[in-house]
Amino acid sequence: MNIPAGIDDRQILNVRGEGNKGVNGGPAGDLHVVVNVRPHPFFERDGFDVWCEVHVNLVQATLGDTLMVPTLDGKVKYDIPEGTQPGSVFRLKGKGIQNIRSKARGDQLVRIIVDIPTKLNSEQREALLKFNSLMGGSTPTGDEKKGFFGKKRK
Numbered sequence: 097m098n099i100p101a102g103i104d105d106r107q108i109l110n111v112r113g114e115g116n117k118g119v120n121g122g123p124a125g126d127l128h129v130v131v132n133v134r135p136h137p138f139f140e141r142d143g144f145d146v147w148c149e150v151h152v153n154l155v156q157a158t159l160g161d162t163l164m165v166p167t168l169d170g171k172v173k174y175d176i177p178e179g180t181q182p183g184s185v186f187r188l189k190g191k192g193i194q195n196i197r198s199k200a201r202g203d204q205l206v207r208i209i210v211d212i213p214t215k216l217n218s219e220q221r222e223a224l225l226k227f228n229s230l231m232g233g234s235t236p237t238g239d240e241k242k243g244f245f246g247k248k249r250k
């Protein structure tokens with residue numbers, strides 16, 4: 097039995113003449129096969145489009161970079177522009193799932209996840225503080241971590 101590319105979960109395939117034997121020696125009926133498609137660990141299907149998330153660091157998002165993005169057909173190069181914001185979505189035309197009734201393919205949508213570092217060494221911290229001051233920001237004092245109720249009254 098051939099499973100066509102692009103079949104979706106819970107679709108039914110009909111196989112002519114492979115079902116139960118016909119009554120009184122008549123021809124065999126059709127076999128109806130319900131297809132269950134396992135979820136992919138990286139890609140998420142949305143009709144004929146496919147979604148994925150790609151993680152970048154703060155510098156890549158700020159300055160732009162060339163990424164190797166996994167697709168259903170293998171990795172492709174994709175240039176993210178400088179100033180890419182967390183949650184930005186980029187479309188790779190024709191890299192989605194093939195339509196089972198035609199040669200057309202959906203698109204792949206790539207959501208950018210910007211990973212913010214949780215631990216910095218002193219050199220990294222100094223570099224970020226310098227960048228912050230160049231951007232006109234104030235120097236963090238640590239009081240911001242206490243929140244509204246943690247600040248002392250004067």
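Our numbering numbers the first residue of the sequence shown as 97 and each following residue consecutively. Just so it is clear, CB atoms sit at the ideal spot from N, CA and C, and this is done for glycine as well. Since the structure is predicted, the reported quantities are computational estimates derived from the model, not experimental observations.
- One alpha carbon belongs to V185, the other to R207, and they sit about 4 Å apart.
- Between the stretch 99-106 and the stretch 128-140, the count of C-beta pairs closer than 8 Å reaches three or more; the two stretches touch.
- If you ignore the 5 residues before and after K117, its C-beta comes within less than 6 Å of the C-beta of A124, all in its own chain and listed in chain order.
- If only complete runs of 4 or more residues are kept, the stretch 135-179 shows the alpha helix (DSSP H) at 154-159, in order along the chain.
- By the neighbour-count criterion, in which 16 or more other beta carbons inside 10 Å mark a residue as buried, I212 falls on the exposed side.
- The three-state secondary structure of V119, taken from DSSP, is helix.
- C-alpha of K173 to C-alpha of P137: approximately 21 Å in a straight line.
- Judged by DSSP in its simplified three-state form, R221 adopts helix.
- Ranked by Cα distance from V146, the first of D203, E219, R221, S218 is D203.
- The stretch 175-193 and the stretch 147-165 touch, with no fewer than 3 CB-CB distances between them shorter than 8 Å.
- For F144 against R187, the beta-carbon gap comes to about 13 Å, at or over 8 Å, which does not count as contact.
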